[in-house]
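**Q** In this note's numbering, the protein residues as written are 2 to 229. Structure provided below as C-alpha cells; questions to follow.
Listed below in C-alpha cells is the structure:
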C-alpha cells in the first residue's frame, strides 16, 4: 500500500523478538537458539517473510521436537520427521546432508512426514556457515548440498547487518507486542532480582557493592530502607 509506514529492522532486533516468540510458542531451552535461527532465516530469505510469521508460530506451538527416523534406500538417506515442524527438523536434516556431502560428494536427504515442509527453504541460510549451498525442493521433500558457496558472496546475515530488514510497521508491531508473552511479569518481586544485584524485602543489597550510578530507589517500597 502506498504510503504505508515502514521500519528498518536490525539483526539484533530480529533475533531478540523472534527468540521470545519461539520461546512463547514452546521451543525447549536446549533448542531455543537453533529454532530462533530458523525463524530468522524464514524472515529474511526470499519468501513471505515476517508476514507469515504468526502462522508459522501457531504451527510450531502445535508441534514438538522428535527424533528423526532414518533409513537407507539405495544411495539415498530418508528422514522421517514424525510430523514435527520444519524448524525443529531442519538443523538436523541439514547436518545430515552436509555430512553425506563431505563423505561421498553427494549430500541429498529425502524428507518425509514433515509439518510445514515448505519451510525447509531455510536450509539455504543454515548451510552458509558451512561455506556450502543448501537447497530444498519447493515441496520440502528433499534437501541437497549443491556445492561450495562463492566465498565473495555476502551471507544472508551479512546482508541483514549491512542493509537491515525493511518491514511494514503493521506487520512488525503485532509481533513485537506478542513477544512480551515470553517475558516474566513486571512485579515488585521480579525487580528485586533484576540486574547485577538482589534487593531483599528488608532493603539489604546482595551482590555488587561498588559505587555506580544505578538508581535503586525503584527496588524497595521505601528508599530509606536501602543500606550500603
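For every residue, glycine included, the Cβ atom is placed at its ideal position computed from N, Cα and C.
(1) Determine, using beta carbons only, whether residue 102 and residue 36 come nearer to each other than 8 Å.
(2) Assign residue 63 to one of two classes, buried (16 or more other C-beta atoms within 10 Å of its C-beta) or exposed (fewer than that).
(3) Use the C-beta contact count for residue 7: other C-beta atoms within 10 angstroms, 16 or more gives buried, fewer gives exposed.
(4) Would DSSP call residue 229 helix, strand or coil?
(5) Give the secondary structure of residue 53 by DSSP, where H, G and I count as helix, E and B as strand, and everything else as coil.
(6) With H, G and I counted as helix, E and B as strand and the rest as coil, what does DSSP make of residue 2?
(7) State the beta-bridge partners of residue 144 as determined by DSSP.
(8) Looking at the secondary structure, which residues open and close the alpha helix (DSSP H) in which residue 44 lies?
(9) Quick check on the DSSP output: the beta strand (DSSP E) that includes residue 91 runs from which residue to which?
(10) Note down, in chain order, each residue of its chain lying with its Cβ closer than 6 Å to the Cβ of residue 137, except the 5 sequence neighbours on either side.
(11) First and last residue of the beta strand (DSSP E) that includes residue 160?
(12) Hey, residue 95 and residue 128: beta-carbon distance below 8 Å or not?
(13) Mind the definition here: the stretch 104-113 touches the stretch 46-55 only if three or more C-beta pairs lie below 8 Å; say whether that holds.
(14) Specify the secondary structure class of residue 208 as computed by DSSP and reduced to three states.
(15) Between the stretch 65-80 and the stretch 17-25, do three or more beta carbon pairs fall short of 8 Å?
(16) Let's see if you can read the secondary structure: which residues bound the alpha helix (DSSP H) around residue 179?
(17) Does the beta carbon of residue 92 come closer than 8 Å to any beta carbon on chain C?
(18) Let me check one thing: in DSSP terms, what residues is residue 203 bridge-paired to?
(19) Am I right that residue 69 and residue 86 are in contact with their C-beta atoms under 8 Å? What's the rounded C-beta distance?
(20) Would you kindly report the start and end of the unbroken beta strand (DSSP E) that includes residue 150?
(21) Is any heavy atom of the ligand FAD found at a distance shorter than 7 Å from the C-beta of residue 156?
(22) Helix, strand or coil, according to DSSP, for residue 129 in the structure here?
**A** In brief:
(1) No.
(2) With fewer than 16 Cβ atoms within 10 Å of its Cβ, residue 63 is classed as exposed.
(3) Its Cβ having fewer than 16 others within 10 Å, residue 7 is exposed.
(4) Here residue 229 scores only 43 on pLDDT, less than 50, and its place in the model is too uncertain to base an answer on.
(5) Helix at residue 53.
(6) For residue 2, the predicted model reports a pLDDT of 46, less than 50, meaning its position is unreliable; a value from the coordinates is still stated below. Coil at residue 2, not helix or strand.
(7) Within the DSSP bridge table, the entry for residue 144 names 110, 137 as partners.
(8) Its alpha helix (DSSP H) spans residues 33-45.
(9) Where residue 91 is concerned, there is no enclosing beta strand (DSSP E), although the alpha helix (DSSP H) around it starts and stops at 87-105.
(10) Taken in chain order, the residues that qualify are 121, 122, 124, 144.
(11) It is not in any beta strand (DSSP E) - residue 160 instead sits in the alpha helix (DSSP H) that spans 157-164.
(12) Inclusion of residue 95 and residue 128 in the CB contact set at 8 Å is warranted, their separation being smaller than that value.
(13) Contact check between the stretch 104-113 and the stretch 46-55: fewer than three CB pairs, one atom from each, fall below 8 Å, which does not count as touching.
(14) Three-state DSSP puts residue 208 in a strand.
(15) Two segments are said to touch when three or more pairs of C-beta atoms, one from each, lie closer than 8 Å; by this definition the stretch 65-80 does not touch the stretch 17-25.
(16) In this chain, the alpha helix (DSSP H) harbouring residue 179 covers 170-179.
(17) Among the protein chains of the structure shown there is no chain C, as only one such chain exists.
(18) Per DSSP, none; premise fails for residue 203.
(19) About 13 Å separates the two Cβ atoms, so there is no contact after all.
(20) First-last for residue 150: undefined, no H or E at that position.
(21) For the structure depicted, the ligand FAD is absent and the ligand set is empty, with no information on it obtainable.
(22) In the structure shown, residue 129 sits in a helix (DSSP, three-state: H, G or I).
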